[in-house]
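A.B. asks: So that we are looking at the same thing, I have put the structure below in structure tokens.
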Amino acid sequence: MKKKFLFWTVFVLLGLAGCSTTSEPSYYTNPHVIEVEGTFDRIELGEYELVKIDDQVTIKTSDQEFVIEFPFKESAIQSVALSHDEQFIAFDVISEAGVKIYVVDRHSGEVTNLSDDIGYEYDYAGYEKPFGIAWAPNENMIAFVGGHHEGGAVVNMYHFDLEKAKQLKGVSQIHPDIYGVKWDRRAERVYYLVDSFEDRNMYEVFSTQLEYEDHPIYEKILYGGQIEVVAQLEKELYGTWFEENGE
């Protein structure tokens, strides 16, 4: 475990700059997000219909149908979110293996397990649902909270229209806990709520600027750039950050 977190720290910091303070954030609110309370047999989101039976979820549209099988029958979906063009559907699933985040491509039927395929077998469950996953407002790019319950949390991103080699997924430093993630309205920044490093009675809102850098082989690489502290929040106002809505 220590070796993994040492690797994360080096990997993330290669693409991240120091911290500073910036103006008040302007958040994007995805209109196609459902927080799932308890168990369900059927829910609708946009033109999708989800039907769950035991460890399987059938995802239906007007012209397609996909079946996803979870590794454990007691798996429970916590939230569901659509990408801006409704091509991708993401949901986080909690089971005895921790939280796993899946994304389904409605065009190909391909299922991506972000927690294991993009992350390092993440099982972190410390965020507030449905804020563990967030789609960008204008691209098929998702930010998600990952990590290990024993070692801390990190914000990652993944762009489904870019090759894996053309993007670095880490966009935050490692924090003991990350409670949620949001985008700005232009998909230029990722915001996330964490405990203050300096004052245990405060929370801090960090942001990471997304940037492209020239690369000799892959032309351009997408990565997380400058990190900034954009706001502070007293402990008793914790819930207000999740209630702040944008466009």
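Numbering (mature numbering (1 follows the signal peptide of the UniProt record, and there is no 0)), first residue to last: -22 to -1, 1 to 225.
We put the CB at the ideal spot given by N, CA and C, even for glycine.
Could you spell out the range, first to last residue, of the beta strand (DSSP E) harbouring residue 125?
C.D. replies: For this step, residue 125 is matched to residue 147 along the sequence shown. Residues 119 to 126.
A.B. asks: With DSSP collapsed to three states, give me the class of residue -2.
C.D. replies: Here residue -2 refers to the residue found at position 21 of the sequence shown. Note that residue -2 scores a pLDDT of 47, beneath 50, so its modelled location is shaky and nothing firm can be said.
A.B. asks: First and last residue of the beta strand (DSSP E) that includes residue 186?
C.D. replies: As a working mapping, residue 186 is identified with position 208 in the sequence shown. 180 to 193 is the extent of the beta strand (DSSP E) around residue 186.
A.B. asks: Beta-carbon within less than 8 Å of residue 40's beta-carbon, same chain only, minus the 5 sequence neighbours each way: which residues are those?
C.D. replies: Numbered from its first residue, the sequence shown carries residue 40 at position 62. Counting only Cβ-Cβ distances below 8 Å, and skipping sequence neighbours, we find 25.
A.B. asks: Mind checking residue 15: buried by the 16 CB within 10 Å criterion, or exposed?
C.D. replies: Taking the first residue of the sequence shown as position 1, residue 15 is located at position 37. Classification of residue 15: exposed, given that the 10 Å Cβ count is below 16.
A.B. asks: Buried or exposed: where does residue 264 fall if 16 or more other Cβ atoms within 10 Å of its Cβ makes it buried?
C.D. replies: Nothing can be reported for residue 264, as the shown portion of the chain is limited to -22 through 225.
A.B. asks: Leaving aside the five residues before and after residue 166 along the sequence, list all residues of the same chain whose C-beta is less than 7 Å from its C-beta, in chain order.
C.D. replies: Counting from one through the sequence shown, the residue named residue 166 turns up at place 188. Once the five neighbours on either side are set aside, the close Cβ partners of residue 166 are 187, 188.
A.B. asks: Closer than 8 Å is the cut-off here; do at least three beta carbon pairs connect the segment 133 to 143 with the segment 112 to 123?
C.D. replies: Under the 8 Å Cβ criterion, the segment 133 to 143 counts as touching the segment 112 to 123, having at least three qualifying pairs.
A.B. asks: Quick one, which of 89, 156, 169 has its alpha-carbon nearest residue 45's?
C.D. replies: Translated into positions along the sequence shown, residue 45 becomes position 67. Minimum Cα distance to residue 45 is reached at 89.
A.B. asks: With the cut-off set at 8 Å, would you say residue 161 and residue 114 are in Cβ contact?
C.D. replies: For the purposes of this step, residue 161 is taken as the residue at position 183 of the sequence shown. For the purposes of this step, residue 114 is taken as the residue at position 136 of the sequence shown. Taking 8 Å as the Cβ cut-off, residue 161 and residue 114 qualify as a contacting pair.
A.B. asks: Kindly confirm or deny that the segment 206 to 219 and the segment 175 to 184 touch, where touching means at least three C-beta pairs closer than 8 Å.
C.D. replies: yes
A.B. asks: Taking just the CA atoms, how far does residue 59 sit from residue 72?
C.D. replies: Numbered from 1 along the sequence shown, position 94 holds the residue referred to as residue 72. Numbered from 1 along the sequence shown, position 81 holds the residue referred to as residue 59. Their Cα atoms are separated by approximately 16 Å.
A.B. asks: Less than 8 Å between the CB atoms is what I'm expecting for residue 101 and residue 77, so what's the real figure, rounded?
C.D. replies: Here residue 101 refers to the residue found at position 123 of the sequence shown. Here residue 77 refers to the residue found at position 99 of the sequence shown. Yes, residue 101 and residue 77 are in contact; Cβ-Cβ is about 6 Å, under 8 Å.
A.B. asks: Along the chain, where does the alpha helix (DSSP H) containing residue 217 start, and where does it finish?
C.D. replies: Position 239 of the sequence shown, counted from the start, is the residue given in the question as residue 217. It spans 216 to 221 - the alpha helix (DSSP H) in which residue 217 sits, taken as one unbroken run.
A.B. asks: Do you know how far the Cα of residue 154 is from the Cα of residue 91?
C.D. replies: The residue you call residue 91 lines up with position 113 of the sequence shown. The residue you call residue 154 lines up with position 176 of the sequence shown. For residue 91 and residue 154, the distance between alpha carbons rounds to 23 Å.
A.B. asks: Compute the beta-carbon to beta-carbon distance between residue 108 and residue 61, rounded to the nearest angstrom, for a pair I have assumed lies under 8 Å.
C.D. replies: Position 130 of the sequence shown, counting from 1, holds the residue named residue 108. Position 83 of the sequence shown, counting from 1, holds the residue named residue 61. With 8 Å as the limit, residue 108 and residue 61 do not qualify as a contact, their Cβ atoms being about 14 Å apart.
A.B. asks: Between which two residues does the beta strand (DSSP E) holding residue 56 run?
C.D. replies: As a working note, residue 56 is residue 78 in the sequence shown. Residues 54 to 60.
A.B. asks: Tell me residue 90's beta-bridge partners as DSSP assigns them.
C.D. replies: For the purposes of this step, residue 90 is taken as residue 112 along the sequence shown, with counting starting at 1. Answer by DSSP bridge pairing, in chain order: 81.
A.B. asks: Using the DSSP secondary-structure output, state which residues sit across from residue 164 in a beta bridge.
C.D. replies: Counting from one through the sequence shown, the residue named residue 164 turns up at place 186. Paired residue(s): none; residue 164 is not in a bridge.
A.B. asks: Looking only at its chain, what residues have a beta carbon closer than 8 Å to the beta carbon of residue 117, apart from the 5 residues adjacent to it on each side?
C.D. replies: Along the sequence shown, one-based indexing puts residue 117 at 139. The answer, listed in chain order, is 62, 137, 139, 165.
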